[in-house]
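Down below is the structure, laid out as structure tokens.
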Amino acid sequence: MRIVPALVLTGALALTGTAHAAIDPNLVAAAKASVVTININGNSNTTRDLPDLGFSGSQDASPQKPHIRSSGSGFVIDQTLGLIVTADFVLENAADIYVQTADGRGLAATVVGRDALSGVAVLKVADTSLLALPFCPAPLRVGDDAFLIGNPYSLGILVTSGIVAGTDIDVKDEDMSPLLVLDLMMHKGTAGGPVLSPQGCVTGMAVAQFGSPGYGGVGTLGMAIPAAQVKAISQTLITSGKITRGWIGISLFEEDLTLSQVTPGSPADKAGLKAGDLILSYDGIEGTTFEALRRHIAVKPIGSDLVLKIKRFPNDDLTLTVPIVAAPEDSGQR
-9 MRIVPALVLT GALALTGTAH AAIDPNLVAA AKASVVTINI NGNSNTTRDL
41 PDLGFSGSQD ASPQKPHIRS SGSGFVIDQT LGLIVTADFV LENAADIYVQ
91 TADGRGLAAT VVGRDALSGV AVLKVADTSL LALPFCPAPL RVGDDAFLIG
141 NPYSLGILVT SGIVAGTDID VKDEDMSPLL VLDLMMHKGT AGGPVLSPQG
191 CVTGMAVAQF GSPGYGGVGT LGMAIPAAQV KAISQTLITS GKITRGWIGI
241 SLFEEDLTLS QVTPGSPADK AGLKAGDLIL SYDGIEGTTF EALRRHIAVK
291 PIGSDLVLKI KRFPNDDLTL TVPIVAAPED SGQR
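In our numbering, the protein residues as written are -9 to 324.
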């Protein structure tokens, strides 16, 4: 996961302030039973410090010795199969993975699939007694109450509450966008934990904190991957173990969707796109953003066509059809 030094946020935001969600304690107790702590066993000489998002795990073990550290949280999404979802970077450099349940049991876990770009990972445990949390059938609205369950600072499974501050928020250069933004404190160890509605369904998964915890938490916002995205990515990981994204072989200037580079031999190159072309619309969508175009290409089915209307200066307006192919590893393009 990349952390951008200066995050640029766009989308629907609400003014934030102190808020306390009206939550049924019995509902919270039931939901806590489905939340787990993710513990990582690895070598400290190969474990890279996670970017400080305000919730990465403790990394104070002695050098060159295997160690177990509390890395984050997760929650059960399938009781029968023993499946747990968490944030992908929680598993970074893990040699072995252990899950600790809310009642203190320790379980070995295996990786079903990981996707660094979306920030979602799925684990499997042999225990089938853990109840799954349901995903919300519809997203929460700005101003709705929400609460987060996780294991901050290895203190145990705890709860924080707040409100939805924004929806469909784009974070510059983050493939996991658009995100759900919450006026709700996220702490070390809560990454991968569920953000829930007052009815107890999952509306998102905690992944980041925007703002500096060095100011005592003042001005910080929590960020979560929306439930629909978590559900879709996790289902694909369960089915195939990986996510295959669409690619056409272009790089763009972010300001106005002008092509900065076209990869030789790529679908875009073969379709006739050239550096300097300005994209006016894609698949009939106009007035969009760089981030939205990146996501649109990434999720289009392999083998489908992308229809681009472009302006080629000085005077040409063209319509080009570009076939979508599977993205090469680490292409850095769309």
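Just so you know, even glycine gets a beta-carbon here, dropped at the ideal spot from N, CA and C.
A straight line joining the alpha-carbon of Ser230 with that of Thr91 spans about 27 Å. Between Gly146 and Leu174 the beta-carbon gap is near 19 Å, outside 8 Å, which marks them as no contact.
Inside the region 188 to 258, DSSP marks whole beta strand (DSSP E) runs of 3 or more residues at positions 192 to 200, 211 to 216, 240 to 243 and 248 to 252, from first to last along the chain.
Of the residues assessed, Ile287 falls on the buried side of the cut-off, its CB having 16 or more other CB atoms within 10 angstroms. In the displayed model, Arg285 falls within a helix according to three-state DSSP. Fewer than three beta-carbon pairs drawn from the region 256 to 273 and the region 211 to 231 are found closer than 8 Å, and the two stretches are therefore not classed as touching. Boundaries of the alpha helix (DSSP H) around Val18: Pro15 to Lys22. Put simply, the region 91 to 101 touches the region 112 to 129. At least three CB pairs are less than 8 Å apart.
Assigned with DSSP and collapsed to three states, Phe79 falls in helix.
Short of 6 Å from the beta carbon of Gly236, and not among the five residues preceding or following it, lie these beta carbons of its own chain, in chain order: Ile287, Ala288, Lys290 and Ile314. Pro257 places its beta carbon 8 Å or farther from that of Val297. For the pair Val80 and Phe65, the CB atoms are not nearer than the 8 Å cut-off.
Pairing Glu319 with Thr279, the inter-Cα distance amounts to about 24 Å. Met195 places its beta carbon less than 8 Å from that of Ala214. At a cut-off of 3 residues, the continuous stretches assigned as beta strand (DSSP E) that sit fully inside the region 67 to 135 are 73 to 77, 86 to 90, 96 to 105 and 110 to 115.
In its chain, beyond the 5 residues on either side, Leu130, Arg131, Val132, Gly133, Asp134, Ala136, Leu170 and Leu172 have a beta carbon closer than 7 Å to the beta carbon of Val154. With a beta-carbon spacing of about 24 Å, Val18 and Val110 fall beyond the 8 Å limit used to define contacts. At the C-beta level, Phe125 and Lys22 stay beyond 8 Å of one another. A residue is called buried when at least 16 other Cβ atoms come within 10 angstroms of its Cβ; Thr157 meets this threshold and is buried.
Taking C-beta atoms under 8 Å as the contact rule, Asn141 and Gly96 fail to qualify, at a distance of about 13 Å. A direct Cα-Cα distance of roughly 10 Å separates Val192 from Leu138.
Look at Pro168 here: in three-state DSSP terms it is coil, with no helix or strand label. DSSP places Pro313 inside the beta strand (DSSP E), whose first and last residues are Asp306 to Pro313.
A residue is called buried when at least 16 other Cβ atoms come within 10 angstroms of its Cβ; Asp246 does not meet this threshold and is exposed. Annotation: Pro184 to Leu73 spans about 14 Å, alpha carbon to alpha carbon. Counting C-beta atoms within 10 angstroms of its own C-beta, Ser250 has fewer than 16 neighbours from the protein chains shown and is therefore classed as exposed. Shown here for Ile28: same chain residues with a beta carbon closer than 6 Å to its own, the five before and five after excluded, namely Ser61, Gly62, Gly64, Thr76 and Val80 in chain order. In the structure shown, Pro142 falls within a helical segment according to DSSP collapsed to helix, strand and coil.
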